Amino acid sequence: MRAFIVLWASATLVFFITRLVPGDPAEAALGGPGSQASEEAVEAVRRQFGFDQPLVVQYGIAMLSLLRLDLGSSYALRQPVATILLDAVPGTLVLAVLALLVAWILAIGLTLAQSQGSRIAARIGDTLEIVASALPHFWLATILIAVFSTALSWFPPVSTGTPTGLVLPVVTLAVPIAGFLAQVMRGSLQEALDAPFATSALARGETRVGLRVRHALRHAALPALGLSAWAFGYLIGGAVVVETIFARPGLGRTLLSAITVRDIPVVTGVVLVSALVYVILTLVTDAVTRLVDPRTAVGGR
Amino acid sequence: MRPQLSRSSAVLATAVISALALSACSSDPEPAATGPTEGGTLTYASGDAEPTCLDPHVGGNYPQALLATQFLESLVSRDADGAIIPWLADSWTVSDDGLTWEFALADGVTFTDGTPLDADAVAANIAHLQDPATQSSTGYLAVEKVTSVEAVDDLTARFTLSEPDSALLESLSQPWLAIESPAGLERGIEENCESPIGTGPFVVESWTKQDRVTLVRNDDYTSAPADAGHDGSAYLDGIEWRFIPDSASRYAALQSGEVDVIDNVQPDVLVQAEGSDSLVELDAPRPGATNRLELNSGTAPFDDVNVREAFIRSVNVDDAVSSLFQGTAERSSSPLASVEPAAYSDESLFSFDPEAAGDLLDEAGWSETDADGFRTKDGERLTLTFPVSTNQSIPAEISLFEQLQANAAEVGFDVQLELLDLASWYEALGANEYDLVSAPYTKVGPDVLRILYHSDGITPAPSGYFANHAQVDDPAIDTLLDEASATVDDAERTSLYEEAQADVLEGFYILPLYDQQNHFLLSTDVHDARALGTVSTPSFADAWLS
Amino acid sequence: MTAAGPLLRIDGLDVSFDGGRTRVVRGVSLSVSEGECVAIVGESGSGKSVTARSVLGLAGTGATVTADRLELAGVDVLTADERALRRLRGGEAGLVSQDALVSLDPLRRIAAEVGDPLRLHRRAGGATRSDRTIAVEELLERVGIPRPELRARQYPHELSGGLRQRALIASAIAASPRLLIADEPTTALDMTVQAGILRLLGDLRDAGSSLLLISHDLGVVSRLADRVIVMRAGEVVDQGTAETMLAGGRHPYTTALVRAVPAGVPRGTPLSAPPSPAIAQPTSDRDGSTTVATSPWPLIEADGLAKTFGRGDDATVAVRAADLAVAAGETLGIVGESGSGKTTLARLLLALATPDRGEVRLDGEPWSGVSERRRRSRRRLVGSVAQDTSSAFDPRASVAGVLIDALPSETVASARRSTATRLLADVALGPELLDRSPSTLSGGQRQRVAIARALAAGPRVLVLDEPVSALDATVAAGVLDLLDDLQRRRGLAYVFISHDLGVVRHMSDRVAVMHEGEIVETGPVETVFRAPRHPYTRRLLADVPRLPGQDGEAGQDG
């Protein structure tokens, strides 16, 4: 139920924002802004997409279509929005999932490396995390391309067909997330290592490594798990920049070009898909958290 | 249409000389003595926005032209000197009153779907452009005066016009009026947008959105334009046409060898590439208007010619261009691109003279200065609104505008730069909320002057767009432009256009900056690529890879 | 005692933190022989826990540990390397901490925690997973957990407090260490459960394990210990056999500790003043007559209170059909285990929760059923003091701020500070504390401030919910004496809620026993304690650990 409200609210917001922003949506269908198409063509387009109707009517029609799961047709691309989205989603999904995975690995690695207690390691790790989480995507992407592609030729800058082409964009997306996750994990890890059960474990003869891997890591992962749903949303946003720079197909680029030409159905579609993904992910992380943390399972003691 | 030699040779010279000079600068220039080798796929990376429809009849913008050049052809073409040359039409005649044109089509040419190229096909194409359902913009405007096209016989098409149009051939040379297979057109707009069928050296095989268009060689190609390098099918097996919006990534891809050719090369990249042995530049300015600032003479303060002149004299464009474009762009003082034979320029009008500017403002009544140093008149500040489209102006150009803003501020102009996205920018223009604007216009031939400076151009199109941003409303200019459009005589046409340009410049309606920049970088493995003399799009019909 | 010497030998142990600045343990020496149970008794800050953990080399991060000798099973703990230490931990000595809810990893199953020592010490049955499962179930059974195969698969929060603690013990003894270190093993447990755990520990000791028991509760200690060591401020101040120590020992501190235990001490006998047989006479007796005239009219009464939380299947009945009445100058004690509904009842009396049925009346007027607006003017008649002193105050306020906040709004601004000073004096605190932050005060001082705050508005009824449970024995003694004094001087009515039977017995005139939301028995305190009628009351009383020699209860020992 809540999910439905989120989606409806997103659709309404997009509807009004896209119409309040300057720019005539009819031009999207006429070859883009600045079109000099004929009078009849313009009229035809306005009638076809209902721009001549009052705003309230347009809103009603739009919402009804969405309820029927009809996302409509793109103004500019002459294709059903659903097709456009289906084509674009895999690209972004692959990037986002891989980036989240890489971010987790980086975060866990950084957290474990710091957990030895050395003050220098903690300081370095701290700085690394803060810097990483603050890095803007476009800057990071440019640096990575300059170093690993142009200078070292290890990875191609804009390859879309090969696995090696995924490396740089995934890393670009993963690094800031890794920074956030590591900060959160480190706090929880330290808390876990100081907790009474850690003492109990040590008192049983547990090794330092065993303590971290068998006990503390699970505790450290919990808040990071919660953060992952948010992180995924952040990733989809970051996809706009990363897909543009690395010339990869995906929702981000679709959104960008749709906004530029005011292709409202596509913009709405992308926003709704993102909202949907976010809702699904929140549910998924909830379920995973319940799996990992038995205290949150329904019907505890 | 006899060419003027003076400016036009420069185009070909520039292209060839740049290529040779750059390769000569490298240690070991690759000799092309081995001759064309068959095979290989060229990868092209475009920085322009991906077209929404590959059929250039629909809408009609430059990204479409870039792609369409590979697989579609027009009735006529234009050579490097600016002369109209045969292409799909072998020859043509025009009646004395200018209202009837007859085109004799090349024999034995077929579209890649087997349909023959005949007069009916031509008629179908023009009809397609004029059909509102096609939603054509550029092509539609170009054939506005065409009332009908008949097939006199299989290979002769007769165009009947409502008024004489001296620009018809130039219009027909553009990719936006390319001739497509009628059977292809009949498939409907959705299918035709995916893969238009033409007569060109390549064929559209597939289009993966946001990724690439795959083109393969047309083995039955016979219809090269008159100035092509060779007849017969292309040497390349095919072209992978990719879309890479980010300038740095595009260049990185070129350097890494992932792509062979890139366009939209910006000044900083050009400078970097100068040092490279493996890259070659192709400089092909777009035809039509130059990049210029238009001063809105329809509203205050620019409704006063003295204020316009004052502004123009207050900015140092030469310095700004040379420092920000680092030698990759040359200052222009003409309304028309340097590739237009009819271009007329007058540098004296654009000398940097802040003192004279100040005097002019005093004369015009803007003699007082407020606390921030800006001029005022009757308590109102001398403010100029300048909306800038970030989609059309590259960073170097935006920096140039900022520099001009600073120059003008010294004299007392408060220039307000507004960075807007494309659609918002068009809104601002449509609502007449601007004093300065830079709006490039690409068209083959000097007829673009009519579009930009005839008072008719102030009337908005049905979509709200209008082209005469300077809002020039001068009966004298109107008459010159009307006459030039009607006359059939080349020399007279050129001189009329020159007069019109002089009037426009002397009216201080515009501040020319430079040609519409259109730089390409190619790997030295690519040979014999050239830019067409029409809209300066690259053609790979003669190209081969080593 | 084997010929090899004591199992554990500590000579001159010093533990400090902060690079030597804070000395927590000074020069402590003790030994534990095979089969012996040694108890370390002390209040918070005495260093007893740190001492116990140092045995395993787990004194804490940043600890500097030095000793003339620290040997466990013949191994020098101070010079042992990591591997040797790991062999000792769990192998030679096992640790049972307090509160199994946090001492067991909440994210791991019981079987994992209990099975770990088997894996780590490669004990018989530790080889494969299935072997371990069998061994774990045996261990769980041994510590008295019914249905071990079910419990082994569960997580700590799914077990009750008592079962959890047993599981924790199981994990400590899994690898059959010879010494079991139990650090406050029964704190935070209900009385009945506590008794069970102590029996288990006793069984383990009888079976041959040595036991190092750390506790602040003398009653607990008396059940198990052979020898008792008393620590204070990091040092050993007294040691000897259990009987000697529990009778008062040799050191005055030991004597004070013993005296501070309220169980069995008549009301009115100060718990904290120095002993003097002549003075130790009740100034009020338990028959109800007091030095302050009180009226029999109840100040606060409740009729048929009921409160349920949640809906449908998740509904929990917190209180069902509770009746009570308290008159001025009288203390009604309410005892019950955790989950009995005492706290909910307190909230209902304070009108912080609305009863589903029944009503509360304050001084004859309706209290629970009216709107808050109408109650507001009478709020000052009821004060409350709760258990948790550390979170009772706004950490940024000063003591003066806290008190002034609680003053009735009519107080003249200029008189506020002097009123606050007077309030502090009433609770035997000096005015120098006015500008300090409550977090810098000791537990006992904080609780006194809480009482002062409760008194600020001039209430006639105080609801005290576990007011001394978190305090050390001697400190608690002082607070209880203070409360008693205040009541006699001002004729306050007290509702005194606690799970500690001894404290309740000492403080109350009448007592109500709560069990699962119901008041199962009420009556004058001595009557209920000496002749309980309800079976639950009997069970409850049977489990109270008491010191030897407490008068009058010989017939009640279970």
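Chains as they are written, first to last, in my numbering: chain A, 32 to 332; chain B, 885 to 1430; chain C, 102 to 659.
Where a beta carbon is used, it is the ideal one built from N, C-alpha and C, also for glycine.
All figures in this text were calculated on a predicted structure; none of them were measured in a lab.
Let's test the definition: count the other Cβ atoms within 10 Å of the Cβ of residue i and tell me whether it reaches 16, buried, or not, exposed.
i: A:G218; result: exposed
i: B:W1428; result: buried
i: B:R1134; result: buried
i: B:H1114; result: exposed
i: B:P947; result: buried
i: A:L322; result: exposed
i: C:R412; result: exposed
For residue i, which option in the options has the closest C-alpha, if you only look at C-alpha atoms?
i: B:A1108; options: B:I1073, B:L959, B:S1218; result: B:L959
i: C:I552; options: C:V612, C:E533, C:T541, C:G484; result: C:G484
i: C:D291; options: C:V359, C:A594, C:S570; result: C:S570
i: B:G1172; options: B:A1248, B:I1335, B:E1070, B:E1383; result: B:I1335
i: A:L212; options: A:G65, A:A134, A:P121; result: A:A134
i: B:W1250; options: B:A1118, B:L1405, B:F1186, B:G1341; result: B:F1186
i: C:E183; options: A:T123, A:T275, A:V240; result: A:V240
i: C:S155; options: C:I282, C:V420, C:V604; result: C:I282
i: A:F47; options: A:L124, A:D324, A:T299, A:L175; result: A:T299
i: C:R561; options: C:P532, C:L159, C:D464; result: C:D464
Might you give, ordered along the chain, the residues of its own chain that have their beta carbon closer than 6 Å to the beta carbon of residue i, omitting 5 neighbours on each side?
i: A:V315; result: none
i: A:A232; result: L242, H246
i: B:D1049; result: K1029
Tell me which residue opens and which closes the alpha helix (DSSP H) that residue i is part of.
i: B:F1392; result: Counting along the chain, B:F1392 falls outside any alpha helix (DSSP H), and DSSP gives it neither H nor E.
i: B:A1173; result: Premise fails: B:A1173 lies in the beta strand (DSSP E), 1170-1179, not in any alpha helix (DSSP H).
i: A:Y265; result: 248-276
i: C:T355; result: 353-361
i: B:Y1135; result: 1131-1139
Would you give the residue range spanned by the beta strand (DSSP E) that residue i belongs to?
i: B:S1407; result: 1403-1407
i: C:F118; result: 109-118
i: B:Y1310; result: Premise fails: B:Y1310 lies in the alpha helix (DSSP H), 1306-1314, not in any beta strand (DSSP E).
i: A:Y106; result: Note, A:Y106: premise wrong, no beta strand (DSSP E); not H, not E.
Residue i by DSSP, collapsed to three states: which one?
i: B:D1366; result: helix
i: B:Q986; result: First, the residue type needs correcting, since residue 986 of chain B is Glu and not Gln in the sequence shown. Here B:E986 sits in strand by DSSP.
i: A:R235; result: coil
i: B:V1328; result: coil
i: B:K1029; result: coil
i: C:K149; result: helix
i: B:W1250; result: coil
i: A:I208; result: helix
i: B:V1149; result: coil
i: C:V569; result: coil
i: B:C1077; result: helix
i: A:A153; result: helix
i: C:G484; result: strand
i: B:K1093; result: coil
i: A:L322; result: helix
i: A:M32; result: coil
Looking only at its chain, what residues have a beta carbon closer than 8 Å to the beta carbon of residue i, apart from the 5 residues adjacent to it on each side?
i: B:L1233; result: I1196, S1217, L1389, E1390, F1392
i: A:Q79; result: A60
Sorted by chain position, which residues of the same chain lie with C-beta nearer than 7 Å to residue i's C-beta, five sequence neighbours on each side aside?
i: C:L504; result: A521, L524, A553, R554, A557
i: B:Q1289; result: V1299, L1301
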